[in-house]
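**Student:** Going down the list, the sequences are from chains A and B. Heads up: the first sequence begins at 1 in the numbering used here, then just goes up one per residue. Heads up: the second sequence begins at 1001 in the numbering used here, then just goes up one per residue. Can you read through this structure? Questions will come right after.
Protein chains: 2
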Amino acid sequence: MRYDQDQLEAVAGLFRVLAEPTRLAILQQLKSGPRSVGELTESLDARQANISKQLGILYDAGLLDRERQGTTVRYAIREPMIFELCELVCGKLRRDAKRKWATFRRTRTR
Amino acid sequence: MRYDQDQLEAVAGLFRVLAEPTRLAILQQLKSGPRSVGELTESLDARQANISKQLGILYDAGLLDRERQGTTVRYAIREPMIFELCELVCGKLRRDAKRKWATFRRTRTR
DNA sequence: TCATAATATTACTATTCAGCAATATAGTCA
DNA sequence: TGACTATATTGCTGAATAGTAATATTATGA
């Protein structure tokens, strides 16, 4: 697969959406099931304005579904693919950590 | 899998490295094989300083290998996993595009 | 050692954006 | 309608960073 400039921009844009701990934390919460803005605000110990804003960004990126229920709004994962992404990244981080640890042991033990 | 704050930061950090079109373009070039800074600078029509800087960021993130050969330096992919990441993202973008197109057709044809 | 070539670094500017407080909007119920 | 609740938006500030020109570093060969 070969990407032109616009496609690279689009791919980079989606990675950028995932490049923020707060948004990842939201996604992690939603992995267990749909949540309202208020529930997320409480469980993440954050400001409502910020959670709402970050949810908007995730929604605009097409990663979440949104549904009004009376005066509350519930968000849910639309793209389970994001968890595969996170798993791949975590696998790499684990490999890095293991490598670093092995190096440390080598330099300490002889 | 459950992530704490530090892990979320680490994952976000790696996504941030991939969240730049120039760096993705570099990775794309390297997919065909190792390249020197000069070769990348030419094929990407960019400034040498910038390519060198972005290569440094990719290297520091543990995504690239580096090898000096005389006065030139060749970089190579160290983590083929990144291409899986890009493929997942592209799959999503294709789905989005298809969905948008289908909606367009629905609203036009009746 | 000197000249040259390839790469890296530095110092800077412009842009982007997370988080915030304040405020606006939308839905519910009396 | 008005009071109340939940969510969204606006305007702002501080921090991060892509790209740049200029310069420094490193290696080669005469």
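Glycine is no exception: its CB is placed at the ideal position from the N, C-alpha and C atoms. Since this is a predicted model, take the numbers as computed values, not measurements.
Short of 6 Å in beta carbon distance, which residues of its chain neighbour Glu79 (chain A), apart from the five on each side in sequence? Order them along the chain.
**Tutor:** The count along the first sequence starts at 1 and reaches residue 79 (chain A) at position 79. Around Glu79 (chain A): Leu63.
**Student:** Please confirm whether any heavy atom of the ligand MG lies closer than 8 Å to the CB of Leu1093 (chain B).
**Tutor:** This structure simply doesn't include the ligand MG, nor any ligand for that matter.
**Student:** Just to confirm my understanding: we take Ile1082 (chain B), look at its own chain, exclude 5 residues before and 5 after, and list those with CB closer than 8 Å. What are they?
**Tutor:** For the purposes of this step, residue 1082 (chain B) is identified with residue 82 of the second sequence, where counting begins at 1. Around Ile1082 (chain B): Leu1018, Leu1027 and Leu1063.
**Student:** Check the DSSP bridge columns for Ser1117 (chain B) and list the partner residues they point to.
**Tutor:** Because chain B is modelled from 1001 through 1110, residue 1117 (chain B) falls outside the range shown and cannot be assessed.
**Student:** Let me make sure I understand the geometry here. Which of B:Glu1042, B:Phe1015 and B:Gln1005 has the alpha-carbon closest to that of Lys92 (chain A)?
**Tutor:** Within the first sequence, residue 92 (chain A) is the residue found at index 92, counting from 1. Cα-wise, what sits closest to Lys92 (chain A) is B:Phe1015.
**Student:** For a quick check, are the C-beta atoms of Val1089 (chain B) and Leu85 (chain A) less than 9 Å apart?
**Tutor:** Position 89 of the second sequence holds residue 1089 (chain B). Position 85 of the first sequence holds residue 85 (chain A). Yes, these two residues count as a Cβ contact at 9 Å.
**Student:** Could you pull the start and end residues of the alpha helix (DSSP H) that Leu1008 (chain B) belongs to?
**Tutor:** Translated into positions along the second sequence, residue 1008 (chain B) becomes position 8. First-last of the alpha helix (DSSP H) with Leu1008 (chain B): Gln1005 to Val1017.
**Student:** Helix, strand or coil: how does DSSP classify Leu1024 (chain B) here?
**Tutor:** In the second sequence, the residue the question calls residue 1024 (chain B) occupies position 24. Helix at Leu1024 (chain B).
**Student:** Would you tell me roughly how many angstroms separate the C-alpha atoms of Arg1110 (chain B) and Glu87 (chain A), rounded to the nearest one?
**Tutor:** Within the second sequence, residue 1110 (chain B) is the residue found at index 110, counting from 1. Within the first sequence, residue 87 (chain A) is the residue found at index 87, counting from 1. At Arg1110 (chain B), the pLDDT of 43 sits below 50, so the modelled position is not reliable and the matter cannot be decided from this model.
**Student:** Just confirm the distance between the C-beta atoms of Leu55 (chain A) and Tyr75 (chain A), as a whole number of angstroms; I'd bet it's less than 8 Å.
**Tutor:** Looking up residue 55 (chain A) in the first sequence gives position 55. Looking up residue 75 (chain A) in the first sequence gives position 75. Yes, they are in contact, since the Cβ atoms of Leu55 (chain A) and Tyr75 (chain A) sit about 5 Å apart, within 8 Å.
**Student:** When the cut-off is 9 Å and only beta carbons count, does Lys98 (chain A) lie next to chain B?
**Tutor:** For the purposes of this step, residue 98 (chain A) is identified with residue 98 of the first sequence, where counting begins at 1. Answer no: the Cβ-Cβ gap between Lys98 (chain A) and chain B never drops below 9 Å.
**Student:** Assuming Ala1012 (chain B) contacts Glu20 (chain A) (C-beta within less than 8 Å), just tell me the rounded distance between them.
**Tutor:** Along the second sequence, read from residue 1 onward, the residue named residue 1012 (chain B) stands at position 12. Along the first sequence, read from residue 1 onward, the residue named residue 20 (chain A) stands at position 20. Contact holds; Cβ gap of about 6 Å.
**Student:** If I measure Cβ to Cβ from Thr1072 (chain B) and keep anything under 8 Å in the same chain, skipping five residues before and after, which residues do I get?
**Tutor:** Your numbering for residue 1072 (chain B) matches position 72 in the second sequence. Closer than 8 Å at the Cβ level, and outside the excluded window around Thr1072 (chain B), lie Ser1036, Val1037 and Gly1038.
**Student:** Below 8 Å on the Cβ atoms is my guess for Ile1057 (chain B) versus Arg1099 (chain B); work out the distance and round it to an integer in Å.
**Tutor:** In the second sequence, the residue the question calls residue 1057 (chain B) occupies position 57. In the second sequence, the residue the question calls residue 1099 (chain B) occupies position 99. Ile1057 (chain B) to Arg1099 (chain B), Cβ: 34 Å. No contact.
**Student:** So which residues of chain A does Tyr1003 (chain B) contact, with C-beta pairs closer than 7 Å?
**Tutor:** Position 3 of the second sequence, counting from 1, holds the residue named residue 1003 (chain B). Those within 7 Å of Tyr1003 (chain B) in chain A are Gln28.
**Student:** Could you check whether the Cβ of Ala952 (chain B) sits closer than 9 Å to any Cβ belonging to chain A?
**Tutor:** Any question about residue 952 (chain B) goes unanswered here, given that chain B covers just 1001 to 1110.
**Student:** Gly62 (chain A) touches chain B at which residues, Cβ-Cβ below 8 Å?
**Tutor:** For the purposes of this step, residue 62 (chain A) is taken as the residue at position 62 of the first sequence. Per Cβ cutoff of 8 Å: Lys1092 and Asp1096.
**Student:** Measuring CA to CA, which of A:Lys31, A:Ala25 and A:Asp96 is closest to Asn50 (chain A)?
**Tutor:** Mapped onto the first sequence, residue 50 (chain A) falls at position 50. That would be A:Ala25, whose Cα lies nearest to the Cα of Asn50 (chain A).
**Student:** DSSP on Asp65 (chain A), reduced to helix/strand/coil?
**Tutor:** Numbered from its first residue, the first sequence carries residue 65 (chain A) at position 65. In this structure, Asp65 (chain A) counts as strand in the three-state DSSP scheme.
**Student:** Could you name the residues of the segment 74-88 of chain A whose beta carbon sits closer than 9 Å to any beta carbon of chain B, in the order they occur along the chain?
**Tutor:** If the cut-off is 9 Å between Cβ atoms, the segment 74-88 of chain A has Glu79, Met81, Ile82, Phe83, Glu84, Leu85, Cys86, Glu87 and Leu88 near chain B.
**Student:** Could you give the distance in angstroms between the alpha-carbon of Arg1066 (chain B) and the alpha-carbon of Ile1077 (chain B)?
**Tutor:** Translated into positions along the second sequence, residue 1066 (chain B) becomes position 66. Translated into positions along the second sequence, residue 1077 (chain B) becomes position 77. If I take the Cα positions, the gap works out to 9 Å.
**Student:** Less than 9 Å between CB atoms is the rule here; does Arg1111 (chain B) satisfy it with respect to chain A?
**Tutor:** Residue 1111 (chain B) is absent from the structure shown; chain B starts at 1001 and stops at 1110.
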